[in-house]
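A.B. asks: In this note's numbering, the protein residues as written are 240 to 481.
The C-beta atom is built at its ideal place from N, Cα and C for all residues, glycine as well.
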């Protein structure tokens, strides 16, 4: 029998290029899936539980591959979302093709230190030495896309394709081959993170939705439920942006 989660999320959040961090109490959430890999770390001396399609799994530190449907049950600790394009992804997940697994003890210890000091410098210190994208063009495209969305542009496929000297159709195939994700889906995920960041920074939900390129607040709310399994009123009101 699964535990009933406390309704409101409470804690601290830090968002960066390809990474999103939450430290605190994870409140109510529905089963969901998203494009980022996820690491879940329980508070020392406790065990976390994840409700998966195959049943409830538990452990002190678990990782989930992108696209894995799950629901977090009454968790206190650290959550880290990692883009599949980020250099930290293979370091954390390795080559195991499974949908989920137990995090290596060395990484658990490093993330426990991050939970005690959730700062940008501590997060960046996790990066492998000399981390670099397999294709320099991909790094450029990702940076261009993030700048476009942050600046209020849509990050249209044609503009990104031109930056790579590719046709739009070839660019779509190339981007999916390099990143493992369709451009449209990845862009939607980035817009969601941008809207969350703006809402946590004090903008109204309507302003945050429009600022991130959503049609309206309802569109933002649907995407939030779809990709993170939460509502803004439950997930954002008790979270402070670092």
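How many Å lie between residue 463 and residue 310 at the Cα?
C.D. replies: 14 Å
A.B. asks: What's the C-alpha gap between residue 316 and residue 385?
C.D. replies: Here the C-alpha atom of residue 316 lies approximately 28 Å from the C-alpha atom of residue 385.
A.B. asks: Among the residues of its own chain, which have a CB less than 6 Å from the CB of residue 380, if the five just before and after it don't count?
C.D. replies: Cβ neighbours of residue 380 beyond the five flanking positions: 399.
A.B. asks: Looking only at C-alpha atoms, which of 382, 434, 282 and 260 sits nearest to residue 456?
C.D. replies: 434
A.B. asks: With residue 358 as the anchor, note down where its alpha helix (DSSP H) starts and where it stops.
C.D. replies: Element bounds for residue 358: n/a, residue is neither H nor E.
A.B. asks: Residue 414 by DSSP, collapsed to three states: which one?
C.D. replies: Note: residue 414 maps to helix in three-state DSSP.
A.B. asks: Rounded to whole angstroms, what is the Cα-Cα separation between residue 264 and residue 352?
C.D. replies: 17 Å
A.B. asks: Under 8 Å, with one C-beta from each stretch per pair, do the segment 343-362 and the segment 275-288 reach the 3-pair mark?
C.D. replies: Yes, the segment 343-362 is in contact with the segment 275-288.
A.B. asks: Could you tell me the boundaries of the beta strand (DSSP E) in which residue 479 lies?
C.D. replies: 477-480
A.B. asks: Between which residues of its own chain and residue 424 is the CB-CB distance below 7 Å, once the five residues before and five after are set aside?
C.D. replies: 274
A.B. asks: Which residue spans inside the segment 362-443 form an unbroken alpha helix (DSSP H) run of at least 4?
C.D. replies: 375-389, 396-402, 407-418 and 422-439
A.B. asks: Could you tell me the alpha carbon to alpha carbon distance between residue 372 and residue 323, rounded to whole angstroms?
C.D. replies: Any reading at residue 372 needs caution, since the residue's pLDDT is 49, under 50, leaving its predicted position unreliable; the model's value is listed next. About 11 Å.
A.B. asks: How about residue 314 and residue 331: are their beta carbons less than 8 Å apart?
C.D. replies: no
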